[in-house]
Amino acid sequence: MKRIYVVGTADTKGEELAFLADAIAAAGAAVVRVDVGTRGATVPVDVSNEEVAGHHPGGGAAVLGMDDRGTAVAAMAIAFARFAQFRTDMAGMIGIGGGGGTSIITSGMRTLPLGLPKIMVSTLASGDTSPYVDVSDIIMMPSVTDMAGLNRLSRTVLHNAAQAISGMAANPAPPPDGKPSIGLTMFGVTTPCVTAIADELRSTYDCMVFHATGTGGRSMEKLADSGLLAGVIDITTTEVCDLLFGGVLPATADRFGAVARTGLPYVGSVGALDMVNFWAPPTIPERYRGRLFYEHNPNVTLMRTTPDECRRIGEWIGERLNRSQGPVRFLIPEKGVSALDIEGGAFFDPEADAALFEAIERTTQPNATRRVTRLPLHINDPEFAKAAVAAFLDIASK
């Protein structure tokens, strides 16, 4: 039987944990009360903090009985993440917490499959939630008042949260239509290309397009690692620029890692590698003063990458492509890599592009499954999109 896991620190939030679990049970769902506190529970629970702590690599002693609360919370977060990812009877998870509890519980939620209901009722839900949500589908629900005993408002908030998680668990999303899913990366300056590719493949594939803003690439790779993608068409690899040169929409060092680990069919390109993203002009680092910029909007400023930077980008990408044992086709559009990098455009720079292309070709080691191909096209030319589709269909059918 699938059950809703109700998680909290039963040493400090016991009253709220019990109320929430009872409200979910009253809605007709089976519940499991899980304690992730670092001290003794004040209410009955189904899974003790000792059991959760035992999942830490260092055992329960690495979590419980510590004098330093910060160390204990960090250790419990590790233990709960390992505990959560091995549950097979979960219909959903809901957590309650302040700062420590939110950190612990969301560490476990982030290990759960995308699509499984997850709600975190938190005192931190109205601020910057990115450290807690990351690239998962956690719903952050503000508690409004602090969780220091039940009151009129907290009862209402917790009741609503109980109804939400109960409804999600009782009415799961219908199964997909059976078409395999592929991930695609897009930026505004590569939209014509990626839109054309998705239009061409949509009758055969479920096309998931990700905005290449750092979190977009990570989300796509999380799906790949989770076994939910049948292939990747990574036209827009611009997040690498921000990673290497301090932009505000960076990839992580694990960009391309999921492709290497899974061996999925992969078609990549150099979309928007002509730019590093910053916020409004006053936020641009002093070391970049005097560079070529383009104001995308009042809050986003783009910086053109130089030949030396493009050379480094190309080498970085090539080294990671070499790690993949699956089929790889990397396409180079010789006439420009973005809507700005076109003859007469603000970022048109054949020298920088040449350095990028040469570095990718020089670094990437071709073999029977890995190939770099130059095309006398702009990235947004319809013919380039057709070439990307053809390349993907070729390797996906083998």
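In the working numbering, the protein residues as written are 19 to 416. We put the CB at the ideal spot given by N, CA and C, even for glycine. All of these numbers come straight from a predicted model, not from anything done at the bench.
Restricting attention to 75, 49, 87, 20, the CA atom closest to the CA of residue 29 is found in 87.
For the options 49, 297, 247, the alpha carbon positioned closest to that of residue 62 is the one of 49. Given a length threshold of 3 residues, each whole run of the beta strand (DSSP E) inside the region 157 to 193 is given here in chain order: 157 to 160.
In this structure, the CA atom of residue 268 is about 22 Å from the CA atom of residue 381. Within the region 89 to 149, the runs of beta strand (DSSP E) at least 3 residues long that lie entirely inside it are, in chain order, 108 to 115, 136 to 140. Around the beta carbon of residue 94, 16 or more other beta carbons lie within 10 angstroms, which makes this residue buried.
For residue 290, the CB contacts under 8 Å within the same chain, skipping 5 residues up- and downstream, are 205, 207, 208, 230, 254, 255, 256, 259, 355, 356 in chain order. Annotation: the continuous beta strand (DSSP E) that includes residue 226 extends over 224 to 229.
Sequence-distant Cβ neighbours of residue 227 in its own chain, meaning closer than 7 Å and more than five residues away, are 202, 204, 212, 216. When DSSP states are grouped into helix, strand and coil, residue 274 belongs to the coil group. Where residue 380 is concerned, the enclosing alpha helix (DSSP H) starts and stops at 368 to 381. Leaving aside the five residues that flank residue 162 on each side, the residues in its chain whose CB is nearer than 7 Å to its CB run, in chain order, 171, 175. Judged by DSSP in its simplified three-state form, residue 332 adopts helix.
Closest option to residue 183, judged by alpha-carbon separation, among 44, 222, 248: 44. Inclusion of residue 270 and residue 243 in the CB contact set at 8 Å is not warranted, their separation being larger than that value.
When C-alpha distances from residue 167 are compared across 60, 122, 286, 143, the shortest belongs to 60. Annotated as distal: residue 199 and residue 134, with beta-carbon spacing of 8 Å or more.
Around the C-beta of residue 351, 16 or more other C-beta atoms lie within 10 Å, and the residue is accordingly described as buried. Short of 6 Å from the beta carbon of residue 309, and not among the five residues preceding or following it, lie these beta carbons of its own chain, in chain order: 321.
In this structure, the CA atom of residue 265 is about 11 Å from the CA atom of residue 301. Distance from the CA of residue 307 to the CA of residue 349, rounded to the nearest whole angstrom, comes to 33 Å. Excluding five sequence positions before and after residue 33, the CB atoms of its chain that fall closer than 8 Å to its own CB belong to 60, 61, 167, 168, given in chain order. Its chain contains 276 as the residues whose beta carbon lies nearer than 6 Å to that of residue 239, once the 5 sequence neighbours on both sides are disregarded; these appear in chain order. The beta-carbon separation of residue 372 and residue 324, rounded to 12 Å, does not stay under the 8 Å limit for a contact. DSSP, reduced to helix, strand and coil, places residue 317 outside both helices and strands of the structure shown, so it counts as coil. Inter-residue distance for residue 91 and residue 110 is about 23 Å (C-alpha atoms, whole angstroms).
Note: residue 202 is bridge-paired with 227, 251 in the DSSP secondary-structure output.
DSSP places residue 345 outside both helix and strand once states are collapsed to three, so it counts as coil. Under DSSP, residue 233 forms no beta bridge with any residue. Take the alpha-carbon of residue 142 and the one of residue 58: they are about 24 Å apart. For residue 213, the enclosing alpha helix (DSSP H) starts and ends at 209 to 219. A Cβ-Cβ distance of about 47 Å is found for the pair residue 196 and residue 164, leaving them out of contact under the 8 Å criterion.
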